[in-house]
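For the record, in the sequence shown the residue sitting at position 295 is 313 according to the working numbering, with numbers rising by one throughout.
Note that CB positions come from ideal geometry on N, CA and C, so glycine has one too.
Because the structure is a prediction, the values reported are computed rather than measured.
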Amino acid sequence: MSAPKRIYVFDTTLRDGEQTPGVSLTPEEKVVIARKLDELGVDIIEAGFPASSEGEFTAAKKLSSLGLRAKVAALARMNQHDIDAALNAGVNRVHTFIATSDIHLKYKLNKSRDEVLGIIRDNINYLRSKKVEIEFSAEDSTRSEKEYLLKAFRTAYDEGANVLDIADTVGIANPNLIRDLVTSLKQATDGAFVSVHLHNDLGLATANTLAAIEAGADQFHGTINGIGERAGNASIEEIAVALSVFYKDRFQTGINLGKIYEVSRLVEELTGVTISKNKPIVGENAFGHESGIHTHGIIRNPATYEPISPEMVGRKRWLMAGKHAGSHGVQAQLKEMGIEVTKEQLEEILKEVKKLGDMGKQVTDEDLYAIAIAVTGMAPQRLVDLIGIVTVTGTNVLPTASIKIKFKDRILESASTGIGPVDASLKAIQRSLEGVLKVYLREYGIKAITGGSDALAHVMVRVEDEEGRSASATATGPDIVMASVNAMVDGINKLLLKRGA
Ligand code: KIV
Ligand code: ZN
Numbered sequence: 019m020s021a022p023k024r025i026y027v028f029d030t031t032l033r034d035g036e037q038t039p040g041v042s043l044t045p046e047e048k049v050v051i052a053r054k055l056d057e058l059g060v061d062i063i064e065a066g067f068p069a070s071s072e073g074e075f076t077a078a079k080k081l082s083s084l085g086l087r088a089k090v091a092a093l094a095r096m097n098q099h100d101i102d103a104a105l106n107a108g109v110n111r112v113h114t115f116i117a118t119s120d121i122h123l124k125y126k127l128n129k130s131r132d133e134v135l136g137i138i139r140d141n142i143n144y145l146r147s148k149k150v151e152i153e154f155s156a157e158d159s160t161r162s163e164k165e166y167l168l169k170a171f172r173t174a175y176d177e178g179a180n181v182l183d184i185a186d187t188v189g190i191a192n193p194n195l196i197r198d199l200v201t202s203l204k205q206a207t208d209g210a211f212v213s214v215h216l217h218n219d220l221g222l223a224t225a226n227t228l229a230a231i232e233a234g235a236d237q238f239h240g241t242i243n244g245i246g247e248r249a250g251n252a253s254i255e256e257i258a259v260a261l262s263v264f265y266k267d268r269f270q271t272g273i274n275l276g277k278i279y280e281v282s283r284l285v286e287e288l289t290g291v292t293i294s295k296n297k298p299i300v301g302e303n304a305f306g307h308e309s310g311i312h313t314h315g316i317i318r319n320p321a322t323y324e325p326i327s328p329e330m331v332g333r334k335r336w337l338m339a340g341k342h343a344g345s346h347g348v349q350a351q352l353k354e355m356g357i358e359v360t361k362e363q364l365e366e367i368l369k370e371v372k373k374l375g376d377m378g379k380q381v382t383d384e385d386l387y388a389i390a391i392a393v394t395g396m397a398p399q400r401l402v403d404l405i406g407i408v409t410v411t412g413t414n415v416l417p418t419a420s421i422k423i424k425f426k427d428r429i430l431e432s433a434s435t436g437i438g439p440v441d442a443s444l445k446a447i448q449r450s451l452e453g454v455l456k457v458y459l460r461e462y463g464i465k466a467i468t469g470g471s472d473a474l475a476h477v478m479v480r481v482e483d484e485e486g487r488s489a490s491a492t493a494t495g496p497d498i499v500m501a502s503v504n505a506m507v508d509g510i511n512k513l514l515l516k517r518g519a
C-alpha cells in the first residue's frame, strides 16, 4: 500500500477571513494568530493584502520575519504596485489573482479576454524574475467559460506560476463542477500543482473541497471557523477532520487535530466573529447532549451518538439536563460536579429538572447544582473566593480594577484595565488565575429587576475553559460590578469542580 498523499493547507484566515464584514486585525493580533496557526500545522499562512494599507503591509512584513515553519504568502492584484508591496514585505509566496469570468471582465475590469491573458503573462513574468513562489488564482473560476479558464491557467503555468488556484468566488459550485475543473486543469497542464479556494454561500465548501481533493487537488484554501466574505470560506477544521475520518489512508494533512479547538477559540476572540452553537467541530453544541435517550447511550458508549470523539479535536463532551433528561444523564452530570446522590435523591432532582424544563426553561448546570444542593442539603464547595476588589472609573483614565482572590490556600492578585469597570474587573479575575486556569467569558447578560438607579442587577455569566467545559452562574445585587464579579467567581468555582480540581 502506498503512503497517503500529502494535502497542503493554505490558511487565509488573516486575509479572506479578515474580509468578514466588521473584522479588522492589528499586525500584533495577526502575529498572535499566525503563531497558533503555525503550531496547528497549516502549510501556508496568507498574511493579508499589503498594498491595501500600511497596517496590512506591516503585518505581512512581521509575519515574514517570525521564522515560522509555515510559509508566508500575501495577496496582490495583477499590477506592479500590488506585487511590489507583497515582495517588499518579504513573503515566501505571492498570491496574485485576476478575474476570468465574462461578468467580471465586462462589469469590473472592463477588459477583453485577450487583454486579461496579456496581463497574466506580463505579471507572472515579472514575478518569475523576482525568485519568489507564485500562486495564481483565477477569480470567479466557477462562472468562467471553461475553455477560456483553462487557457488563462495554462498561460500562467507556461510563464512560471507554481500553484494554480481555482476560485469559487461566489460559492456557486457543486462537487461535480469542482471535480470536473480539477481534472481538466490537471490534464491541461500535465499535472501542475492545483489548489482550490471555495466559498460557502450554498453550504457546500467542505463537500466541494473534498471533491477537489478526490479529483487530484494538491492544496486547499480555508479559514479557521470558516470565517470570510459573506457566508465565509471553507472551514479548515471541518476539512481536516473529514479527511482524517474518510480518507486516512489516501490523504494526509499536517494539521494537529488536537489543537483545533484552541485555535478556533483564539480566532473567535480576536476577530469577534462568534461561532454559531451548532457549527460542526467547534460550535458549543457540537459535543453536547441533552435528551435522556442520547445521554444514556453516551454514558454507556460515546460512539452511540458521537461521530468522532471530542478529544480528537481538543474538546470535552458535556451533558445538559432538561425536560428530555433521564436519570443516567443527570447522575453523570452530578458526578462531574462532585455530587453523589442516593436513588431517592436522584428521582427528586430529576422531577425538579423536568418541572423547570416543562416551564420552557433551559436548565443550566447552575440550576442543577442549586437543585442538588437543596435536595441533598450539602454545603456548596468553593475553591475560589473573592477577598477584595477596587475599581476606578471616570474620564481621561482607563477604567481599572485591582483584585485579590483566594485559590485553595494561595492568594492571587492582579489588575486590569477595560472598557468599563465591569470589563476591567472580570479581566482582572481572569488574569489573576492565568497560572491556574485559562478562563474565557462566553456569555454575559444583565437585567435590572426593579426600577430606579438603585435597581437590583441580575447578572448571568457563562465561562469556559480551553477544552470547552463550560459553567454558568448568576448573581443579584444593587452594585453591577459586584454582581458581575460574584457571578464570575461562582462560575469559575463550578468550572473547577467540572475539571475535578
Ligand atoms: O474568493 C476569491 O476569489 C478570492 C481570490 C482573491 C482568490 O478570495
Ligand atoms: Zn475568497
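Can you list, in chain order, the residues of its chain with a C-beta nearer than 6 Å to that of residue i? Leave out the 5 residues immediately preceding and following it.
| i | result |
| --- | --- |
| G59 | G272, I273 and N274 |
| F520 | Coverage of the chain is limited to positions 19 through 519, which leaves residue 520 absent and any answer about it impossible. |
| I389 | I367 and E370 |
| V90 | I63, A65, L81, S82, V109 and N110 |
| S119 | D158, R161 and S162 |
If we count the other Cβ atoms within 10 Å of its Cβ and call it buried at 16 or more, is residue i buried or exposed?
| i | result |
| --- | --- |
| F264 | exposed |
| N128 | exposed |
| E255 | buried |
| P496 | exposed |
| T187 | buried |
| P328 | buried |
| N296 | exposed |
| V415 | exposed |
| N303 | exposed |
| V410 | exposed |
| H307 | buried |
| D61 | buried |
| D56 | buried |
| A493 | buried |
| K48 | buried |
| K379 | exposed |
Assuming the contact rule is C-beta atoms closer than 8 Å, residue i and residue j should be a hit. Round their C-beta distance to whole Å, please.
| i | j | result |
| --- | --- | --- |
| S294 | H342 | Not a contact, Cβ separation roughly 22 Å. |
| E151 | A185 | So it is not a contact: roughly 18 Å between Cβ atoms. |
| G332 | I278 | 6 Å |
| K23 | F269 | 5 Å |
| F305 | R335 | 4 Å |
| E153 | H113 | 4 Å |
| V381 | G340 | 5 Å |
| V479 | Y458 | Not confirmed; about 11 Å, so no contact. |
In the DSSP assignment, find the beta strand (DSSP E) that holds residue i and state where it starts and stops.
| i | result |
| --- | --- |
| K424 | T418 to F425 |
| D385 | Here D385 belongs to no beta strand (DSSP E); instead the alpha helix (DSSP H) covers D383 to T394. |
| F211 | F211 to L216 |
| H346 | Looking at the DSSP string, H346 is not in any beta strand (DSSP E); the run it does join, the alpha helix (DSSP H), is S345 to E354. |
| K89 | K89 to R95 |
| K126 | Looking at the DSSP string, K126 is not in any beta strand (DSSP E), and its letter there is neither H nor E. |
| F154 | E151 to E157 |
| E431 | R428 to T435 |
| V410 | V402 to V410 |
| D34 | Segment: none, D34 is in no beta strand (DSSP E) and carries neither H nor E. |
| S450 | Careful: S450 lies outside any beta strand (DSSP E), inside the alpha helix (DSSP H) at P439 to S450. |
| I51 | No beta strand (DSSP E) contains I51, which is instead part of the alpha helix (DSSP H) from P45 to L58. |
| I63 | I62 to E64 |
Quick one: give me the first and last residue of the alpha helix (DSSP H) that residue i is part of.
| i | result |
| --- | --- |
| H314 | G310 to R318 |
| I522 | An answer regarding residue 522 cannot be provided, because it is not within the stretch 19 to 519 covered by the chain. |
| I510 | I498 to K516 |
| V263 | I254 to Y265 |
| F75 | E72 to S82 |
| Y279 | I278 to T289 |
| A473 | Careful: A473 lies outside any alpha helix (DSSP H) and carries neither H nor E. |
| I101 | Q98 to N106 |
| A230 | A223 to E232 |
| G136 | R131 to R146 |
| K169 | K164 to E177 |
| G375 | K361 to D376 |
| T494 | Note, T494: premise wrong, no alpha helix (DSSP H); beta strand (DSSP E) at S488 to G495. |
| T38 | T38 -> no alpha helix (DSSP H), and no H or E assigned at all. |
| A304 | It is not in any alpha helix (DSSP H) - A304 carries neither H nor E in the DSSP assignment. |
If I measure Cβ to Cβ from residue i and keep anything under 7 Å in the same chain, skipping five residues before and after, which residues do I get?
| i | result |
| --- | --- |
| A225 | P193 |
| Y175 | L182, T207 and A210 |
| H99 | A69 |
| P298 | E256 and A304 |
| T435 | L416, P417, T418 and A442 |
| L195 | T160 |
| D34 | T241, G246, E247 and N251 |
Who are the Cβ neighbours of residue i in its own chain at under 8 Å, not counting the five residues just before and after it?
| i | result |
| --- | --- |
| T38 | I245, G246, E247, G250, T289 and V291 |
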